[in-house]
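Trainee: Taking this note's numbering, I'd label the letters of the sequence shown as residues 95 to 599. Beta carbons are placed, not taken as given, at the ideal position from N, Cα and C, and that holds for glycine. This structure is in structure tokens; I'll ask about it shortly.
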Amino acid sequence: MPRLSTPHPLPCHAGGTTLQRTKCPTAVAMAAALATSIAFALSGCSTPVLKPSVDVPSNFAASTASEMEPEAAWWEVYHDPLLTDLVRRAARENRDVKIAAERLRAARAGETVSQSWLLPSVGASVSGSDHSTGFNSAVKQGYPDIKTASAGLDVSWELDLSGRLRAGAAAADADALAAEHSMRGVRLLVMSDVVSNYFSLVGAQRQVATLRAISAMQDETLRLVTARQQVGLASAFDVERAQTDALSARAQIPPLETQVAVARHRIAVLIADQSFNSTNIQPSSSDMTDVPEAKPGQPAELLQRRPDVLALMAQLDAANARRQQAKAEWFPQLFLGASFGRQGLNLNGADLGAARFTNVAGLLAMPLFNAGRTQAINEAAESAQQEAVLRAEDGIVRALEDVENALVTLAQERRRSGSLQLAAASAESAQSRAQSLYNRGQIDLLPLLDSQRARLAARLNSNESNTRLLLDSVQLYKALGGGWQVFEQPSNPTASVKADRPPLS
């Protein structure tokens, strides 16, 4: 923005003529009157404000519990103290969250900068000069020594006739709000990653425990078959089949232990620790965790809760404001400047005293020809506005799709898990009967090995389904977009906090 500041007196100052003193106020009055008339003329000018045109249903098709709001601290429904502690640590200390908080800090600083252009700028100026000829007194005549010193205040202000500066401030405010919602989205993503990796860790540990237990039983079967083969009751082929099953079960353990280690490493990084310290993450139990019933709430409430949708809506508000800012480029801009101060003069060593000076100036500028630049600025702003509304609409429908998909996936996996648990119980019973019959010599080795394989597969499938069920529930909570609110409660309820501005971390 052009700044008008004149440290030296212009024609309108205390020492000027009467004519000079009366011209400046008249010019200022004329400029003010012109500005007022232009402001009235521009008050009827407006640009279209775009909003998403998406029909939001009253409830989710895959749920009948739309009237029930999802839990805010959703990770606590699993009743695991270690998981709760890890989530809270990640929400506070994760580096991605802190990076997003720094972006929010920068966006808020940009908001302050944009708002500052609406107000006058005031600065101080001090100047001095010493003009000496250096001639001796014989030749000095006509070449005086002059010393001056001045100090004053400079004021500059652009009157926002067309609303250009106000639109810029509104765009910066919307950008800050979008950065705020983006930080919330990062926090939600980090929390859901912690929970997902935690359940992957617990699930892999459960599979390892199952494989070790079944492998030990198969080792015992191998020992028994070997003993029977030594007394002629089993063949070498039977021994090799039993050994094959025992070794195959044991071979499935290392990949699962790798999965356990990788999940620990990921959790450690998510809580801003190092993978070297990941061995401290030890779930207290690998027992099956009950998955709570889904409570998705209503679609309209989802759009007020999901950070990514809220960020897209804020970006649309910023694009609308920038469209208004671009249109204002067609209209005049009025700048006012003033300088106030005192100036002293010393001529050939004689102090002539100090005088006050005042200078007021105005500038009215309007584009006439710039080779299509203003038109291009408006076209770019209009295109960005159209893109922003399309992104907002796409974000809304994707958010609804995420919840619908998560609800269907969770419901179907719950049915699958129930069937697999029954299958595992049946396989357990069948294997016990087969072992008893084999011990009594009523069946040969093949039915026993088949029952052991079926038991192993059923147990592993049931464990995997339970882990999948937990991960699907996390995906649902992630799709519902909640949880970040828990970490934005003020520590001091009586403290004065700016509305809609949570702590940075």
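Q479: buried (16+ other C-beta within 10 angstroms of its C-beta) or exposed?
Mentor: Answer is buried; the Cβ neighbour count reaches 16.
Trainee: Tell me the rounded alpha-carbon separation between F581 and L574.
Mentor: Straight-line Cα distance between these residues: approximately 17 Å.
Trainee: So L446 packs on L457, CB below 8 Å; how close in whole Å?
Mentor: 33 Å between Cβ atoms; not a contact.
Trainee: Quick check: R202 and A265, are their CB atoms within less than 7 Å of each other?
Mentor: Result no, Cβ atoms of R202 and A265 do not sit closer than 7 Å.
Trainee: So what's D566 in DSSP terms, helix, strand or just coil?
Mentor: Reduced to three states, the DSSP call for D566 is helix.
Trainee: Using 10 angstroms around the beta-carbon of Q536, count the other beta-carbons present and answer buried if the total reaches 16, otherwise exposed.
Mentor: It counts as exposed.
Trainee: For Q40, is the classification buried or exposed, using 16 other Cβ atoms within 10 angstroms of its Cβ as the cut-off for buried?
Mentor: Outside the modelled stretch of the chain, which goes from 95 to 599, sits residue 40, for which no answer is possible.
Trainee: Which class does I240 belong to by DSSP, given the choice of helix, strand or coil?
Mentor: Looking at I240 - three-state DSSP - the assignment turns out to be strand.
Trainee: Per DSSP, L428 is paired with what?
Mentor: Answer is L253, L458, bridged to L428.
Trainee: Assuming contact is defined by CB atoms lying nearer than 7 Å, are A350 and Q312 in contact in what I supplied?
Mentor: Residue identity differs from the one stated: residue 350 is Leu in this sequence, not Ala. Contact: no.
Trainee: Spell out a yes or no on whether the segment 174-187 and the segment 241-252 are touching, meaning 3 or more CB-CB pairs, one atom from each, closer than 8 Å.
Mentor: Result no; under three Cβ-Cβ pairs closer than 8 Å.
Trainee: List the whole-angstrom C-beta distance separating H275 from A405, where the pair is believed to meet the contact cut-off of C-beta under 8 Å.
Mentor: Correct: roughly 4 Å between the Cβ atoms.
Trainee: Compare the beta carbon distance of F434 and L247 with 7 Å and say whether it is the shorter of the two.
Mentor: Yes, the pair counts as a contact, with Cβ atoms nearer than the cut-off.
Trainee: Using the DSSP secondary-structure output, state which residues sit across from A449 in a beta bridge.
Mentor: Q437, per the DSSP bridge assignment.
Trainee: Could you work out which residue in G262, D332, A357 is closest to L543 when comparing CA atoms only?
Mentor: Ranking the options by Cα distance to L543, first place goes to D332.
Trainee: Could you check which residue in R344, L430, A486, D488 has the C-alpha nearest to that of R547?
Mentor: Looking at the Cα atoms, R344 is the closest of the given residues.
Trainee: Taking the CB atoms as reference points, tell me whether L514 and S556 lie closer together than 7 Å.
Mentor: Yes; because the gap between Cβ atoms is below 7 Å, this pair is in contact.
Trainee: For S585, is the classification buried or exposed, using 16 other Cβ atoms within 10 angstroms of its Cβ as the cut-off for buried?
Mentor: Residue placement at S585 cannot be trusted, given a pLDDT of 44 that sits under 50; what the coordinates show is reported in the next sentence. The residue in question, S585, is exposed, as its Cβ has fewer than 16 Cβ neighbours within 10 Å.
Trainee: Could you give the distance in angstroms between the alpha-carbon of A195 and the alpha-carbon of M277?
Mentor: Going by the C-alpha atoms only, they are around 6 Å apart.
Trainee: Looking only at its chain, what residues have a beta carbon closer than 6 Å to the beta carbon of V150, apart from the 5 residues adjacent to it on each side?
Mentor: Hits under 6 Å: P393, A394.
Trainee: Name, in chain order, the residues that DSSP records as bridge partners for L247.
Mentor: According to DSSP, L247 bridges with A218, F434.
Trainee: Taking the straight line between their C-alpha atoms, what separation do you get for Q579 and I308?
Mentor: Distance between the alpha carbons of Q579 and I308: 45 Å.
Trainee: Would you call the segment 407-415 and the segment 480-489 touching, i.e. three or more CB-CB distances under 8 Å?
Mentor: In short, these stretches touch, since the Cβ pair count reaches three.
Trainee: Specify whether the segment 416-433 and the segment 248-262 touch according to this definition: at least 3 beta carbon pairs, one from each stretch, less than 8 Å apart.
Mentor: The segment 416-433 is in contact with the segment 248-262.
Trainee: Consult DSSP for H225 and reduce its assignment to one of helix, strand or coil.
Mentor: Note: H225 maps to strand in three-state DSSP.
Trainee: Nearest-angstrom Cα distance between L207 and P142?
Mentor: Reading off the sequence, residue 207 comes out as Val, not Leu. When rounded, the distance between both Cα atoms is 26 Å.
Trainee: Taking C-alpha atoms, which residue in Y571, L570, L565 lies nearest to G297?
Mentor: Residue L565 is the option with its Cα nearest to G297.
Trainee: For N291, which of Q324, L176, D496, W211 has the nearest alpha-carbon?
Mentor: Checked all of Q324, L176, D496, W211; the closest Cα to N291 is L176.
Trainee: Helix or strand or just coil, what does DSSP make of A470?
Mentor: A470 falls in the helix class under three-state DSSP.
Trainee: Which residue's Cα is closest to the Cα of F154: P390, E522, L539?
Mentor: The shortest Cα separation from F154 among P390, E522, L539 belongs to P390.
Trainee: Determine whether the beta carbon atoms of S511 and S559 lie at a separation below 7 Å.
Mentor: A contact, by the Cβ cut-off of 7 Å.
Trainee: Measure the beta-carbon distance from E487 to S147 and round it to whole angstroms, keeping in mind my assumption that it falls under 8 Å.
Mentor: Indeed they touch by this definition, with Cβ atoms about 7 Å apart.
Trainee: Please confirm whether V284 and S567 have their CB atoms less than 7 Å apart.
Mentor: No; because the gap between Cβ atoms is not below 7 Å, this pair is not in contact.
Trainee: Check the DSSP bridge columns for A444 and list the partner residues they point to.
Mentor: BP columns for A444 point to L441.
Trainee: So L570 and A493 are supposed to be a Cβ contact under 8 Å. How far apart are they, rounded?
Mentor: No, L570 and A493 are not in contact; Cβ-Cβ is about 13 Å, not under 8 Å.
Trainee: Report the rounded CA-to-CA distance for R534 versus L364, giving the unit in angstroms.
Mentor: Taking the straight line joining both Cα atoms gives about 55 Å.
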